[in-house]
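Chains A and B supply the protein sequences, listed in that same order.
Quick note: the first sequence uses UniProt numbering, first residue 1, plus one each step.
Quick note: the second sequence uses UniProt numbering, first residue 1, plus one each step.
Where a beta carbon is used, it is the ideal one built from N, C-alpha and C, also for glycine.
There are 2 protein chains.
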Amino acid sequence: MSVAVTIRDVARQAQVSVATVSRALTSPDLVRATTRERVLAVAADLGYQPNLAARGLITGKTGNIGIVVPDLNNPFFTGVLKGVQNQARLASHAVFVADSDEDPAAEEQLVRAMAKQVDGVILCSPGIDEQQVRELAESTTLVLLNRRMRGVPAALMNSGSGLRQVIDHLVALGHHRIAYLNGPRTSWSNKERRRGLRIAVQRHDVDLVDMGPFPPRYEGGLQAADLAMAENVTAIVAYNDIMALGVLARLRDRGVRVPDDVSLTGFDDLMFGALCQPPLTTVAMPVVPAGRLAVDLLLDRLANRDAEVRQDELDTQLIVRATTAPPA
Amino acid sequence: MSVAVTIRDVARQAQVSVATVSRALTSPDLVRATTRERVLAVAADLGYQPNLAARGLITGKTGNIGIVVPDLNNPFFTGVLKGVQNQARLASHAVFVADSDEDPAAEEQLVRAMAKQVDGVILCSPGIDEQQVRELAESTTLVLLNRRMRGVPAALMNSGSGLRQVIDHLVALGHHRIAYLNGPRTSWSNKERRRGLRIAVQRHDVDLVDMGPFPPRYEGGLQAADLAMAENVTAIVAYNDIMALGVLARLRDRGVRVPDDVSLTGFDDLMFGALCQPPLTTVAMPVVPAGRLAVDLLLDRLANRDAEVRQDELDTQLIVRATTAPPA
DNA sequence: ACCGTCATTGAAAACGTTTACTGTGTGTTT
DNA sequence: AAACACACAGTAAACGTTTTCAATGACGGT
């Protein structure tokens with residue numbers, strides 16, 4: 001283990017005071033060019049790396065940001081994480097990550113624990129209740145992901161528009177009776193999707209069969225498939241891709257052909273969709289850009305605490321593959 | 001933004017010195033029970049939370065661990081991350097994560113950048129070369145994941161055994177001519193898998209067609225499928241699941257039935273396998289336990305720097321689903 | 001009574017930075 | 001020539017902890 005080289009070592013070797021070294025590194029214009037270069041040379045030579053903890057102690061900034069997600073096995077959140085990580089690095093910030101295992105209580109606790117070590121945190125939590133989020137926002141600078149709440153900055157994805165595109169697409173193909181398989185009732189995403197749904201439905205005058213909620217997983221799809229078929233619909237709109245895959249599997253087992261007998265759509269476009277058979281028509285969620293956006297919002301807010309609260313929304317886009325076709 | 005409450009505030013309110021507060025929190029047996037309780041009560045009351053940066057400054061421990069992975073979109077690594085995150089929390093450590101985007105140079109740099117802020121780092125890097133890893137290990141306490149290197153602790157998964165199980169399974173079904181689709185030649189995992197392969201092959205006296213390397217992705221599978229079929233094999237063993245999915249898709253397009261015309265196996269068992277059609281026979285990699293193990297190894301090493309270097313290996317297990325059957 | 005041990009506490013020095021304040025010298029203005 | 005501004009660099013005080021050291025008192029054994 002190499003002994004840590006401190007600012008003092010650099011100062012001694014460069015024959016200047018520690019203050020000068022500090023300045024050479026953090027506000028270069030305050031020191032004469034020749035000495036600055038000498039200092040930097042020595043620093044590089046010694047492999048000096050400032051101790052961020054010490055720096056943070058005095059500046060009050062840690063240079064870190066945190067993100068808490070409900071499940072690291074869910075590609076949705078890892079997509080976000082990837083974007084966060086990416087953008088944070090560009091701003092030379094490090095990223096703390098915490099996985100709450102879908103437990104809202106843990107989420108709150110994790111945010112609090114993180115709070116002291118980061119400048120701000122990005123919260124991806126469909127579950128935790130509004131009151132608690134608000135309390136957290138008081139003690140930490142917070143950015144919400146895919147959830148809108150008055151007064152809290154948020155990086156949003158316009159799922160409402162996505163679902164509207166889905167319905168437009170299905171109607172254009174000639175469908176009139178469509179099932180929507182709800183995800184969790186309380187989640188902001190599901191609410192947004194239903195909102196888009198309602199708008200599209202009343203514009204087109206189609207029969208909507210509103211079903212569920214179902215667990216937003218493969219098993220949820222297995223379960224929902226039979227119920228939907230019993231409703232005599234010609235198209236099934238699932239809450240997300242993974243649920244759609246469950247529907248697809250169950251339909252195949254029952255000998256129902258997709259898209260010949262019934263059309264099917266997913267939501268999220270997280271990799272499986274393109275790989276399954278037939279490839280799934282779905283809506284692409286810009287998860288990575290959303291992660292990046294969240295970082296930007298956070299950094300913006302930190303830089304300038306009393307600017308207006310930004311809630312930026314990214315567009316989603318329908319991806320037509322092979323599970324949708326005109327009804328028989 | 002709430003004003004931070006420091007140890008001094010607690011001390012004042014509890015009518016003791018800061019030293020006593022510190023002791024009450026970190027070494028409770030050094031202070032009288034009655035005062036300890038008074039201090040703790042005040043601390044809780046004020047919502048005091050120690051400043052980890054300050055503590056770290058003096059103890060030299062940060063209470064953080066880092067992990068760098070090549071790609072956060074790869075479920076293999078997020079599985080590991082999940083395990084890491086999980087176990088770290090149990091040990092009340094926080095987790096820094098960095099994504100190198102498959103760039104070995106970035107990996108090295110990331111480890112160095114992290115090094116100052118963490119007690120140790122877990123490195124998942126099939127790509128970075130041995131010499132560089134060794135240099136990193138000098139300046140940081142390092143644990144490798146799924147890669148063995150003399151003198152560096154490692155959390156390993158026995159992929160050799162997994163591939164042996166695959167071959168045993170195929171041979172038992174009656175296959176004699178089997179293709180293996182290589183992943184990246186330089187990766188430790190691929191080497192291990194081939195080692196298992198060689199052992200199994202010579203034990204059973206089967207014809208092995210060693211093909212590739214192919215990119216360990218869906219496209220790699222598409223490409224490999226045709227080559228493998230041209231070799232007149234009755235079974236195809238892919239480097240990993242995602243590649244196997246590519247093979248599966250290509251075979252379906254060509255009208256080759258799986259498993260009737262040819263058997264197919266994957267490796268990793270990361271979710272898609274169970275969902276595709278037909279469900280994929282594969283080898284389950286214990287990624288989450290591996291993440292946990294890595295944390296344990298790291299913490300062990302930190303606690304006791306000159307214990308012997310542990311390189312623990314976790315078992316893999318064949319999961320027989322529906323893509324393997326006796327040859328026609 | 002005296003000494004030693006021990007439990008309990010406080011004072012103060014660290015840890016590695018940044019930054020306000022103070023000095024220098026140099027050049028410019030009057 | 002005096003005065004002043006200014007660029008540059010150093011001193012020292014913070015930041016919030018932990019930990020060494022010393023001080024106090026109580027108690028038991030002689």
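Excluding five sequence neighbours on each side, which residues of the same chain lie with their C-beta closer than 8 Å to the C-beta of residue i?
i, result
"leucine 46 of chain B", "Val5, Asp9, Val10 and Gln13"
"glycine 174 of chain A", "Pro326 and Pro327"
"arginine 217 of chain A", "Ile242, Met243 and Gly246"
"alanine 172 of chain B", "none"
"arginine 36 of chain A", "Ala24 and Pro28"
For residue i, collect the residues of the same chain with a Cβ closer than 6 Å to its Cβ; drop the 5 residues on either side in sequence, then sort them by chain order.
i, result
"threonine 281 of chain A", "Thr265, Val320, Arg321, Thr323 and Thr324"
"arginine 250 of chain A", "Leu222 and Ala225"
"proline 259 of chain B", "Thr323, Thr324 and Ala325"
"valine 295 of chain B", "Val84, Gln87 and Ala88"
"tyrosine 48 of chain A", "Val5 and Val10"
Given that a residue counts as buried once 16 or more other Cβ atoms are within 10 Å of its Cβ, and exposed if not, what is residue i?
i, result
"proline 28 of chain B", "exposed"
"proline 326 of chain A", "exposed"
"threonine 141 of chain B", "buried"
"glycine 151 of chain A", "exposed"
"aspartate 241 of chain B", "buried"
"threonine 34 of chain B", "exposed"
"glutamine 15 of chain B", "exposed"
"asparagine 64 of chain B", "buried"
"isoleucine 58 of chain B", "exposed"
"alanine 290 of chain B", "buried"
"arginine 301 of chain A", "buried"
"leucine 90 of chain B", "exposed"
"leucine 30 of chain A", "exposed"
"glycine 160 of chain A", "buried"
"residue 330 of chain B", "Absent from the structure is residue 330 of chain B, since the part of chain B shown begins at 1 and ends at 328."
"threonine 193 of chain B", "A small correction: the amino acid at residue 193 of chain B is arginine; threonine does not occupy that position in the sequence shown. The residue in question, arginine 193 of chain B, is buried, as its Cβ has 16 or more Cβ neighbours within 10 Å."
"serine 92 of chain A", "exposed"
"valine 44 of chain B", "Rather than valine, the amino acid found at residue 44 of chain B in this sequence is alanine. Its Cβ having fewer than 16 others within 10 Å, alanine 44 of chain B is exposed."
"asparagine 232 of chain B", "exposed"
Ignore the nearest five residues each way along the sequence and tell me which others in residue i's own chain have a CB closer than 7 Å to its CB.
i, result
"asparagine 190 of chain A", "Asn182, Gly183, Pro184 and Tyr239"
"glycine 284 of chain A", "The sequence shown places alanine at residue 284 of chain A, rather than the glycine named in the question. Cβ neighbours of alanine 284 of chain A beyond the five flanking positions: Asp269, Thr316, Gln317 and Ile319."
"leucine 81 of chain A", "Ile67, Val69, Val97 and Gly291"
"arginine 148 of chain B", "Ala154, Leu156, Trp188 and Gln311"
"leucine 170 of chain A", "Ile178, Ala235, Ser263 and Thr324"
"methionine 1 of chain A", "At methionine 1 of chain A, the pLDDT of 41 sits below 50, so the modelled position is not reliable; the number obtained from the coordinates is stated separately. Answer for methionine 1 of chain A: no residue qualifies."
"arginine 38 of chain A", "Ala14"
"leucine 72 of chain A", "Thr78 and Asp99"
"valine 256 of chain B", "Met229 and Val262"
"glycine 293 of chain B", "Per the sequence shown, residue 293 of chain B should be read as leucine rather than glycine. Cβ neighbours of leucine 293 of chain B beyond the five flanking positions: Ala155, Asp312 and Leu314."
"asparagine 158 of chain B", "Glu313, Leu314, Asp315 and Thr316"
"glutamate 108 of chain B", "Ile128, Gln132 and Leu136"
"methionine 271 of chain A", "Pro75"
Using a Cβ cut-off of 9 Å, pull out every chain A residue sitting near residue i, in sequence order please.
i, result
"alanine 98 of chain B", "Gln85, Arg89, Ala94 and Val95"
"phenylalanine 272 of chain B", "Met271, Phe272, Leu275 and Cys276"
Quick one: list the residues of chain B neighbouring residue i, beta-carbon separation under 7 Å, in chain order.
i, result
"lysine 116 of chain A", "Gln49, Asn51 and Leu52"
"tyrosine 218 of chain A", "Leu275"
Could you tell me whether any non-hydrogen atom of the ligand PLP is closer than 6 Å to the CB of residue i?
i, result
"threonine 78 of chain A", "Absent from the structure shown: the ligand PLP. Ligands present: none."
By the criterion of Cβ-Cβ separation under 8 Å, what are the contact partners of residue i in chain B?
i, result
"glycine 127 of chain A", "The contacting residues do not exist; glycine 127 of chain A stays about 18 Å from chain B at best."
Taking residue i as the query, report the chain A residues whose CB atoms sit under 7 Å from its CB, ordered along the chain.
i, result
"leucine 81 of chain B", "Leu72"
"arginine 252 of chain B", "Gln277"
"residue 329 of chain B", "Since the displayed chain B opens at 1 and closes at 328, residue 329 of chain B lies outside it and no answer follows."
Anything in chain A within Cβ reach of residue i, meaning under 8 Å, just list it in chain order.
i, result
"threonine 62 of chain B", "Ala53"
With 7 Å as the C-beta to C-beta threshold (strictly closer), list the residues of the UniProt domain "HTH lacI-type" (5-59) of chain A near chain B in chain order. Correct list: Gln49, Asn51, Leu52, Ala53, Ala54, Gly56 and Leu57.
Quick one: any contact between the segment 98-116 of chain B and the segment 269-283 of chain B, if contact means 3 or more CB pairs under 8 Å? no
Closer than 7 Å, Cβ to any Cβ of chain A: which residues of the segment 225-248 of chain B, in chain order? Leu245
By the 9 Å beta-carbon criterion, what residues does the segment 293-304 of chain B contribute toward chain A? none
Cβ contact (3+ pairs, closer than 8 Å) linking the segment 129-137 of chain B and the segment 161-178 of chain B: no
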